[in-house]
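Under full-length UniProt numbering, the residues of the sequence shown are numbered 1 to 287, in order. Where a beta carbon is used, it is the ideal one built from N, C-alpha and C, also for glycine. The structure appears below as structure tokens.
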Amino acid sequence: MAHCHHKDESRLEMIVNHDDDNDKKMMNWIYTNNDKKVINWKYVNSLDNLDMSKEFEFLRREYPYISFDTDLKPGLVFEMNGTRYKCSLAFDPRFGSPTLYFEKHLMKKWPMELHKYSLDLFRITNELEMILNVDDPSDLHESQIIKDLYLHNSSKLLDTRIVDEFFENVKVQNSLSINVLSMTGFVSDYSKIWNIPNVFIACNNWVHSRQLIRFKGKNAFFGRNTNYDITQDMNAFLKHWLNSDNTNLETMVFYGDSTNMVQLFDGIQTSRWDPEKRQARYVSKVP
1 MAHCHHKDES RLEMIVNHDD DNDKKMMNWI YTNNDKKVIN WKYVNSLDNL DMSKEFEFLR
61 REYPYISFDT DLKPGLVFEM NGTRYKCSLA FDPRFGSPTL YFEKHLMKKW PMELHKYSLD
121 LFRITNELEM ILNVDDPSDL HESQIIKDLY LHNSSKLLDT RIVDEFFENV KVQNSLSINV
181 LSMTGFVSDY SKIWNIPNVF IACNNWVHSR QLIRFKGKNA FFGRNTNYDI TQDMNAFLKH
241 WLNSDNTNLE TMVFYGDSTN MVQLFDGIQT SRWDPEKRQA RYVSKVP
């Protein structure tokens, strides 16, 4: 079932790696445009009052050319680590992937318990790809290692304290992506965000230009500081990068306004671009 999920809905996609080439070809053919989605789930107020006709009404309006199966399998019970979880089940008619419906009081506990259970069942490494919101830091009730983290778009104004607490409990191994998520201020100078290898934060005013020297990763893209001249801060960043032992940084993109290009490179030795030494077009290596 192809869900169009709410912007603040907590979801997780379980990733299964197939080492055999034949398995890869078969899975790619079956799960066209959906090859990573093995299990989906959604939280509802009550399973007893779940109206599947309303669930599919929106999808029928959006995708009138697709036939949806509204068959719902109610009353399933999972038992993991001594805890019982009641749910209902529906299937995607095109790909056969299941969607599990749980009541909202299981929102915080179920994803992590399923992850732990799956690690043992499939004997796979502890690698997570998650899509979350961070309005409540208790979404992760214990420290977690996550490969790639995408934070949901939201119209809510997020408290910087919540962001700091959230990243205290999360170790992101590869990438962090944030598109639309506003905060009451900038992230802390001591935030764990600065240690993530690849950071993409498109929204404004998450990172102040004076904080760029704190980034220890490889590739970064930061939205602008509104109504702020970044000339002095960018000059300080360039000097810090040139004079430090930071050889890890490959790409730094920061949007902002500079009123004086001479001051931007003040104290920095520059020379005319030589296309014979370096190609005239920069090719980004950001994954």
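Can you list, in chain order, the residues of its chain whose CB lies under 8 Å from that of residue i, leaving out five sequence neighbours each side?
i: N248; result: K216, G217 and K218
i: D159; result: M183 and T184
i: D266; result: N235
Does the distance from the CB of residue i to the CB of residue j come in under 7 Å?
i: V172; j: I196; result: yes
i: W206; j: V180; result: no
i: N235; j: L264; result: yes
i: D233; j: S209; result: yes
i: L149; j: S88; result: no
Beta-carbon within less than 6 Å of residue i's beta-carbon, same chain only, minus the 5 sequence neighbours each way: which residues are those?
i: M252; result: A220
i: M80; result: E113 and Y117
Applying the criterion that 16 or more other CB atoms from any shown protein chain within 10 Å of the CB defines a buried residue, is residue i buried or exposed?
i: K42; result: buried
i: L157; result: exposed
i: N28; result: Unreliable positioning characterises N28 in this predicted model, as indicated by a pLDDT of 29, which lies under 50. The coordinate reading is nonetheless provided below. Exposed, by the Cβ-count rule.
i: Y101; result: buried
i: I268; result: exposed
i: H105; result: exposed
i: L76; result: exposed
i: S10; result: Residue placement at S10 is flagged as unreliable, the pLDDT there being 38, under the threshold of 50; the coordinate-derived value follows with that caveat. Burial call: buried.
i: V262; result: exposed
Quick check on residue i: does DSSP put it in helix, strand or coil?
i: V187; result: coil
i: N243; result: helix
i: residue 295; result: Summary: the structure shown does not reach residue 295, with the chain confined to residues 1 through 287, and so no result is reported for it.
i: F166; result: helix
i: Q211; result: helix
i: R161; result: helix
i: D257; result: strand
i: K192; result: helix
i: A90; result: strand
Between which residues of its own chain and residue i is the CB-CB distance below 7 Å, once the five residues before and five after are set aside?
i: T224; result: According to the sequence displayed, residue 224 carries Arg and not Thr. Taken in chain order, the residues that qualify are N204, Y255 and G256.
i: W241; result: L249
Quick test of your reading: residue i and residue j, contact by CB under 8 Å. State the CB separation rounded to the nearest angstrom.
i: T231; j: N260; result: 5 Å
i: K192; j: F222; result: At roughly 16 Å, the Cβ-Cβ gap does not stay under 8 Å, so K192 and F222 are not in contact.
i: F200; j: L176; result: 7 Å
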